[in-house]
Amino acid sequence: MSSMVNTTRDCCVTGVPTFNAAEQDTFPLHAYIIFKLGDIIAVEKFLNIKGHNAIYPCRSCKIKAVCGLGKTHYVSLRPPKDGGPTRARTIWQPDNLPLRRHHDFIDTVTQLHAATTKIAKERIAKQTGIKDLPAMHRVGSLDYAQSVPWEWFHLLLENIIPNLVDFWTGWFKDLDSGTEDFEIAPHIWEEVGKEIAAAVQHIPASFVHVLSNIASDRSLFTAESWCFWFIYLAPKLLENRFTRAKYYKHMCELAEIMQITLQFSITVKQVDEVEKWLIQWVEKYYYQYRVERLPACTLTIHGLLHLGAGIKNCSPVWTTWTFYMEHPGHVLRPPYKTPRGIDPELQQKIANYIGQVLGKRSSEVKPHLPPVSFLAGKLRI
Numbered sequence: 522m523s524s525m526v527n528t529t530r531d532c533c534v535t536g537v538p539t540f541n542a543a544e545q546d547t548f549p550l551h552a553y554i555i556f557k558l559g560d561i562i563a564v565e566k567f568l569n570i571k572g573h574n575a576i577y578p579c580r581s582c583k584i585k586a587v588c589g590l591g592k593t594h595y596v597s598l599r600p601p602k603d604g605g606p607t608r609a610r611t612i613w614q615p616d617n618l619p620l621r622r623h624h625d626f627i628d629t630v631t632q633l634h635a636a637t638t639k640i641a642k643e644r645i646a647k648q649t650g651i652k653d654l655p656a657m658h659r660v661g662s663l664d665y666a667q668s669v670p671w672e673w674f675h676l677l678l679e680n681i682i683p684n685l686v687d688f689w690t691g692w693f694k695d696l697d698s699g700t701e702d703f704e705i706a707p708h709i710w711e712e713v714g715k716e717i718a719a720a721v722q723h724i725p726a727s728f729v730h731v732l733s734n735i736a737s738d739r740s741l742f743t744a745e746s747w748c749f750w751f752i753y754l755a756p757k758l759l760e761n762r763f764t765r766a767k768y769y770k771h772m773c774e775l776a777e778i779m780q781i782t783l784q785f786s787i788t789v790k791q792v793d794e795v796e797k798w799l800i801q802w803v804e805k806y807y808y809q810y811r812v813e814r815l816p817a818c819t820l821t822i823h824g825l826l827h828l829g830a831g832i833k834n835c836s837p838v839w840t841t842w843t844f845y846m847e848h849p850g851h852v853l854r855p856p857y858k859t860p861r862g863i864d865p866e867l868q869q870k871i872a873n874y875i876g877q878v879l880g881k882r883s884s885e886v887k888p889h890l891p892p893v894s895f896l897a898g899k900l901r902i
């Protein structure tokens, strides 16, 4: 990380000698990082904050989490009506949350460095959620509070939408419907799954690549699949499937919000409307303000309240999502499922790219590539 930061700083300050073909001369090309992208875990590491399951878990505001029946903390705007281990009483106004500022990070780190004992440092970190300076603290163009938007791709497609399906099918953290009745009967869900599998046969691959039977096998559902299914198919396939219309309306509202945020250009007025809509959507039916249902108040649901601010600070969601990093990831999946090492297709792509940069043939580059090694975990390029 240190070498990367130093390189980034050099690009910003001194620039990189670059050849201008029109002028037949070199000039210093400067690059400035204005925002940082990534999923929740990556951003927590980047900002050096305690993150999810901390008392102050949110990177955008200072909301205090509520402890559930175990040791896990959840982010609810209102405390459970039946109390709980922490007996929290604070009611947070979603349109007036105590937002973090850039100087909050700086001031907290100053306190951490001034603390003389490990216990004192841990107490400050626990009370603020900030552990130390962000990873790229020497890059002065970043605002730690506003340059790290809640990324649309991971927030909705890899968390909230799959979690909603888990709620509707009774598989979300062993929670039932509680006082509501939003679960879809198994035989109805089976029908929905069959209709999805049948529908994809008539949908061009340019719209969506994979849509399997959601009732029997969700393993093939990618973020792209979830997006297409939720926005374009679910509003029709789930019509009249819920026992009460309000749950269907709640789902359609989120689908419409997603369509608005996906626009190539979006006005401030539209973002303001999205923020109001999301406030109405969050914590509507699944929490029910009971301590045993606090697991419904995930950090990703809370992140929706900051989605609008991210658009205002960092531009439309398509400019800050990580599809371009995640999409090539399917090429990297075989290595850690089979003993073949790096996929030949990926190796060829790397050789082609390096060859273009160096002005050589890919066959000349391949012998100099690092040896094939096994991959562990999730690797992004």
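Taking the numbering used here, I'd label the letters of the sequence shown as residues 522 to 902.
Heads up, the beta-carbon is just placed ideally off N, CA and C, and yes, glycines get one too.
Rounded to the nearest whole angstrom, the C-alpha separation of L676 and L825 is 8 angstroms. Note: C582 is bridge-paired with L620 in the DSSP secondary-structure output. Residue pairing of Y806 in beta bridges, as defined by DSSP: absent, with no partner found. Looking at Y810, P707, T843, P615, the one whose alpha-carbon comes closest to that of L678 is T843. Within 10 angstroms of the beta-carbon of L590 lie fewer than 16 other beta-carbons, which makes it exposed. In the structure shown, V564 falls within a helical segment according to DSSP collapsed to helix, strand and coil. For N574, there is no enclosing alpha helix (DSSP H), as DSSP marks it with neither H nor E. In the same chain as L633, and ignoring 5 residues on each side of it, the C-beta atoms closer than 6 angstroms to its own belong to K642, I645, in chain order. Pairing P756 with A636, the inter-Cα distance amounts to about 55 angstroms. DSSP lists V587 as the beta-bridge partner residues of Y595. Beyond the five residues adjoining it in sequence on each side, I800 comes within less than 8 angstroms, by CB distance, of P615, D616, L826 in the same chain, given in chain order.
In this structure, V838 lies near T782, with their beta-carbon atoms less than 8 angstroms apart. P601 and T611 do not touch by the CB rule: their CB atoms are close to 12 angstroms apart, not below 8 angstroms.
Residue pairing by DSSP places P615 in no beta bridge whatsoever. Collapsing the DSSP output to three states places P549 in a strand. Under DSSP, N541 shares a beta bridge with D546.
Taking the CA atoms as reference points, P865 sits about 36 angstroms from K715. Going by C-alpha positions, V596 is about 9 angstroms away from C588. In the three-state DSSP reduction, I832 falls in the helix class (H, G or I). With respect to F742, P670 sits apart: the two C-beta atoms are not nearer than 8 angstroms.
About 17 angstroms separates the beta carbon of A736 from that of E760, a gap too long to meet the 8 angstroms contact definition. Taking the Cα positions, W747 is about 28 angstroms away from H594.
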